[in-house]
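Chemist: Quick note on numbering: the sequence shown equals residues 1 to 359 in UniProt numbering.
Just so you know, even glycine gets a beta-carbon here, dropped at the ideal spot from N, CA and C.
Got a structure for you, written out below as structure tokens; questions coming shortly.
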Amino acid sequence: MNYKIAVIKGDGIGPEIVDEATKVLDVIGEKYGHTFTYTNVLMGGCAIDATGVPLPDETVKICKESDSVLLGAVGGPKWDTLPGHLRPEKGLLGIRSALGLYANLRPAVLYAPLKDACMLKPETVKGGLDILIVRELTGGIYFGERGRRQGKNGEEAYDTECYSVPEIERIARVAFETARKRKKKLASVDKANVLESSRLWREVIHRMAKEYPDVECRDVLVDNAAMQLVRDPAQFDVIVTSNMFGDILSDEASMITGSIGMLPSASLGEGKLGLYEPTHGSAPDIAGQGKANPIATIISAGMMLRYAFDLQAEADAIDTAVLAVLEKGLRTPDIAGVGGQKTLTTTEMGDAIRAELRA
Ligand code: NAI
Ligand code: MG
């Protein structure tokens with residue numbers, strides 16, 4: 001099969017890490033008989049330099065014509081003084097809305113060889129951890145009615161949490177489908193003891209759970225979920241939650257893993273066209289020095305295989321290869337302190353992962 005991928009290398013370390021990920025995809029292609037074709041498009045600071053805007057129309061057009069989008073990161077001090085509408089981040093928000101991406105998938109994986117980087121007690125995480133948070137991205141309190149007004153005690157401000165049935169259904173569907181491809185365990189996080197929007201959320205989740213009898217689904221109140229994530233995170237496989245709860249819980253969950261250079265993400269919308277990118281930014285402090293960890297981007301490409309192209313064996317092969325290099329003590333500088341035996345450059349790390357894939 002031939003898969004068309006729009007590639008946004010972006011700024012800072014973006015080009016370095018994305019190159020390692022596409023070279024990994026090429027090895028997967030050779031090994032499993034697929035062809036990946038890449039179209040490089042501009043977004044962020046490099047797009048501002050070349051075209052004057054952070055998200056050229058051409059970029060949106062090519063992304064929409066592709067099967068998937070792979071992104072490095074955008075932004076950097078060079079563009080920090082530009083006015084808001086011309087900032088690199090506008091490119092990111094723009095592409096998410098142009099592609100209608102309403103589901104954000106953020107795995108929090110603690111690889112056993114990096115367990116010393118985890119802030120939790122060793123016995124809590126001894127088997128490693130693998131949690132996936134599915135966060136609703138385009139609704140809820142961040143997009144609800146807001147304002148300021150005069151109340152009986154003077155000025156007051158309000159934000160509203162609002163979810164419609166179709167909004168809950170579509171994020172729930174992503175979560176159930178994703179759980180199906182993993183351990184078939186789903187925790188839906190809400191605050192249904194207090195919030196009406198959470199009560200509707202829960203009703204919809206329960207209704208949809210009937211369509212997925214193979215997925216074990218339970219409700220967890222958000223305060224308890226925050227507690228359980230540090231007390232016994234291994235109980236979770238997939239967590240689905242609203243925009244705000246997901247924002248907070250995914251940052252909390254990310255702290256149980258080693259480095260920011262290890263965390264991938266996927267943003268999905270209608271259809272199969274999603275955006276796959278590392279969670280970190282463009283790391284201008286280390287750009288161009290061969291110090292960037294390409295693993296977050298390589299695993300993001302693996303998520304693309306899994307969720308966009310339904311290539312499960314190929315995605316598993318990437319995860320296995322990453323684990324194998326870590327087990328050998330191979331490290332980029334950001335994770336060198338956790339059981340590292342040999343420190344590699346960005347390209348050497350990519351090469352090591354590709355060598356595992358070929359072995
Ligand atoms: P950052 O994630 O770029 O860097 C934070 C720290 O982590 C830095 O010390 C950096 O060297 C390190 N780091 C990040 N990725 C790494 C990797 N792969 N390997 C090794 N070390 C890594 O966040 P920061 O410094 O707040 O932002 C820098 C720029 O990136 C800003 O312009 C910001 O707006 C942009 N940004 C872009 C994002 C995106 O494109 N999705 C997301 C977050 C920030
Ligand atoms: Mg956050």
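Tell me, which residues are paired with Pro-278 by DSSP?
Modeler: Indexing the sequence shown from 1 puts residue 278 at position 278. Bridge partners of Pro-278: Pro-264.
Chemist: Take every Cβ of the segment 134-145, pair it with every Cβ of the segment 100-111, and state whether three or more of those distances are shorter than 8 Å.
Modeler: Segments in contact, yes.
Chemist: For Asp-310, tell me which candidate among Thr-343, Gly-274 and Gly-261 has the shortest Cα-Cα distance.
Modeler: Your numbering for residue 310 matches position 310 in the sequence shown. The candidate whose alpha carbon is nearest that of Asp-310 is Gly-274.
Chemist: Verify the contact flag: Gly-94, CB atom, against every heavy atom of the ligand NAI, threshold strictly below 7 Å.
Modeler: Here residue 94 is taken as the residue at index 94 of the sequence shown, counted from 1. Outside the cutoff, so no.
Chemist: How about Ala-292 and Gly-302: do their beta carbons lie closer than 8 Å?
Modeler: Here residue 292 refers to the residue found at position 292 of the sequence shown. Here residue 302 refers to the residue found at position 302 of the sequence shown. Contact: no.
Chemist: Indicate the three-state DSSP secondary structure (helix, strand or coil) for Ser-68 in the structure shown.
Modeler: If you number the sequence shown from 1, residue 68 lands on position 68. In the structure shown, Ser-68 sits in a strand (DSSP, three-state: E or B).
Chemist: Quick one: what's got a C-beta closer than 8 Å to Val-325's C-beta in the same chain, skipping five residues either side?
Modeler: Sequence index remark: in the sequence shown, residue 325 carries index 325 (1-based). So the qualifying residues of the chain are Met-349, Ala-352, Ile-353 and Glu-356.
Chemist: Using 8 Å for Cβ pairs, my map puts Lys-9 next to Gly-72. What's the rounded Cβ distance?
Modeler: Numbered from 1 along the sequence shown, position 9 holds the residue referred to as residue 9. Numbered from 1 along the sequence shown, position 72 holds the residue referred to as residue 72. Going by Cβ atoms, the distance from Lys-9 to Gly-72 rounds to 5 Å, so yes, they are a contact pair.
Chemist: Short of 7 Å in beta carbon distance, which residues of its chain neighbour Met-43, apart from the five on each side in sequence? Order them along the chain.
Modeler: Taking the first residue of the sequence shown as 1, we reach residue 43 at position 43. Closer than 7 Å at the Cβ level, and outside the excluded window around Met-43, lie Ile-8, Gly-10, Pro-54, Leu-55, Thr-59, Val-74, Gly-91 and Ile-95.
Chemist: Between the C-alpha atoms of Asp-219 and Asn-193, what's the straight-line distance to the nearest angstrom?
Modeler: Mapped onto the sequence shown, residue 219 falls at position 219. Mapped onto the sequence shown, residue 193 falls at position 193. Spanning the two alpha carbons is a distance of roughly 11 Å.
Chemist: Using only alpha-carbon positions, find the residue among Gly-271, Ala-253, His-280 and Ala-313 that is nearest to Met-119.
Modeler: Working through the sequence shown from its first residue, we reach residue 119 at position 119. Nearest option by C-alpha distance: Ala-253.
Chemist: Could you give the C-beta distance for Gly-14 and Pro-284, rounded to a whole number, given that I count them as a contact under 8 Å?
Modeler: The residue given as residue 14 occupies position 14 in the sequence shown. The residue given as residue 284 occupies position 284 in the sequence shown. Between Pro-284 and Gly-14 the Cβ distance is about 10 Å, and since that is not below 8 Å, they are no contact.
Chemist: In the DSSP output, which residue or residues are listed as bridge partners for Ser-188?
Modeler: For the purposes of this step, residue 188 is identified with residue 188 of the sequence shown, where counting begins at 1. According to DSSP, which records beta bridges pairwise, Ser-188 is partnered with Asp-219 and Val-240.
Chemist: Count the other CB atoms within 10 Å of the CB of Asn-153; is the residue buried (16 or more) or exposed (fewer)?
Modeler: Position 153 of the sequence shown holds residue 153. Looking at its Cβ environment, which holds fewer than 16 other Cβ atoms inside 10 Å, Asn-153 is exposed.
Chemist: Just verifying my parser: in three-state terms, what is the DSSP assignment at Pro-213?
Modeler: Taking the first residue of the sequence shown as position 1, residue 213 is located at position 213. Three-state DSSP puts Pro-213 in coil, outside helix and strand.
Chemist: When you compare each of Gly-271, Glu-270 and Met-262 to Thr-279 by their alpha carbons, which one comes out closest?
Modeler: Within the sequence shown, the letter at position 279 stands for residue 279. Measuring from the Cα of Thr-279, the nearest candidate turns out to be Met-262.
Chemist: Is it buried or exposed for Arg-331, if we count other Cβ within 10 angstroms and need 16 for buried?
Modeler: In the sequence shown, the residue the question calls residue 331 occupies position 331. Burial call: buried.
Chemist: On a CA-only basis, which of Ala-6, Val-18 and Asn-2 is nearest Ile-295? Give me that one, please.
Modeler: Taking the sequence shown and counting its residues from 1, one reaches residue 295 at position 295. Among Ala-6, Val-18 and Asn-2, the Cα nearest to that of Ile-295 is on Val-18.
Chemist: Quick one: is Asp-190 buried, meaning 16 or more other Cβ sit within 10 Å of its Cβ, or exposed?
Modeler: As a working mapping, residue 190 is identified with position 190 in the sequence shown. Label assigned to Asp-190: buried.
Chemist: Exposed or buried, what is Arg-358 when buried is set at 16 or more other beta-carbons lying within 10 Å of its beta-carbon?
Modeler: Working through the sequence shown from its first residue, we reach residue 358 at position 358. When all chains shown are included, Arg-358 counts as exposed.
Chemist: For Phe-309, which of helix, strand or coil comes out of DSSP?
Modeler: Position 309 of the sequence shown holds residue 309. Phe-309: coil per DSSP, three-state reduction.
Chemist: On the premise that Val-174 lies in contact with Leu-268, defined as a C-beta separation below 8 Å, what is that separation, rounded to the nearest angstrom?
Modeler: Within the sequence shown, the letter at position 268 stands for residue 268. Within the sequence shown, the letter at position 174 stands for residue 174. Yes, Leu-268 and Val-174 are in contact; Cβ-Cβ is about 6 Å, under 8 Å.
Chemist: Would you give the residue range spanned by the beta strand (DSSP E) that Ser-4 belongs to?
Modeler: Within the sequence shown, the letter at position 4 stands for residue 4. The question names Ser, but residue 4 in the sequence shown is Lys. Note, Lys-4: beta strand (DSSP E), 2-10.
Chemist: From this set, Met-1, Ala-21, Asn-2 and Ala-6, which residue's C-alpha is nearest residue 367's C-alpha?
Modeler: The chain is shown from 1 up to 359; residue 367 falls before or after that span and cannot be answered.
Chemist: Quick one: give me the first and last residue of the alpha helix (DSSP H) that Leu-55 is part of.
Modeler: Taking the sequence shown and counting its residues from 1, the one referred to as residue 55 is at position 55. No alpha helix (DSSP H) contains Leu-55, which DSSP labels as neither H nor E.
Chemist: Assign Gly-140 to one of three DSSP states: helix, strand, or coil.
Modeler: Looking up residue 140 in the sequence shown gives position 140. In the structure shown, Gly-140 sits in a helix (DSSP, three-state: H, G or I).
Chemist: So is Thr-35 buried or exposed if we call it buried at 16+ other beta carbons inside 10 Å?
Modeler: Position 35 of the sequence shown holds residue 35. Thr-35 should be labelled exposed.
Chemist: Following a CB-centred definition, is Thr-332 positioned closer than 7 Å to any heavy atom of the ligand NAI?
Modeler: By one-based count along the sequence shown, residue 332 stands at place 332. Checking the Cβ of Thr-332 against the ligand NAI gives yes.
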